[in-house]
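Chemist: Before anything else, here's the structure in question.
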Amino acid sequence: MQYLKALWHRAGKHDPIVLISELDDERYEVRKVEVFADGLLGFAGKQASAGGTRLGAEPVPGNSEILAETEFSLEPIGREEFEKIWSAALSGARWPIES
1 MQYLKALWHR AGKHDPIVLI SELDDERYEV RKVEVFADGL LGFAGKQASA
51 GGTRLGAEPV PGNSEILAET EFSLEPIGRE EFEKIWSAAL SGARWPIES
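Residue numbering for the sequence shown follows UniProt numbering, beginning at 1 and increasing consecutively.
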C-alpha cells in the first residue's frame, strides 16, 4: 500500500482542502479521507462512506504528475499516520486531529 496526503491550495468553497488516500499497487484508492475548511472529515472505503466522499474510479496520477499542477502540494505520510486519521474520521472527529 501507498499513502498520499495532497493539499489543494485552490479548492472551491465546498471542496476538500486536504485529500488523504490509501492506494493499492496500481494507485487505485482503497480508503480516503477528505478534510474540509470547517474541519469536517469525510471518508470513503469499500464498506462505507460519509460526508459525500467517494473513492475515485480511476487510478490516482503519479506524484510527479500531481506536483506538476501548481494547485496541489504533497506531504509524506505513512501507514501509522493514515490509520490515525482514518480512525478519527470514523469516530466523527474534526481537523486537526489531536495526538
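Cβ coordinates follow ideal geometry from the N, Cα and C atoms, glycine included.
Ends of the beta strand (DSSP E) at I20?
Modeler: Its beta strand (DSSP E) spans residues V18 to L23.
Chemist: Buried or exposed: which applies to P16, given that a residue is buried once 16 or more other Cβ atoms fall within 10 Å of its Cβ?
Modeler: The residue is buried, with at least 16 neighbouring Cβ atoms inside 10 Å.
Chemist: Is W86 near the ligand COA, in the sense that its beta carbon is under 7 Å from a heavy atom of that ligand?
Modeler: No copy of the ligand COA appears in this structure; indeed no ligand is present at all.
Chemist: Just the C-alpha distance for S73 and E98, rounded to the nearest angstrom, thanks.
Modeler: Their backbone Cα atoms lie some 23 Å apart in a straight line.
Chemist: Is it buried or exposed, L67, if we count other Cβ atoms within 10 angstroms and call 16 or more buried?
Modeler: Its Cβ having fewer than 16 others within 10 Å, L67 is exposed.
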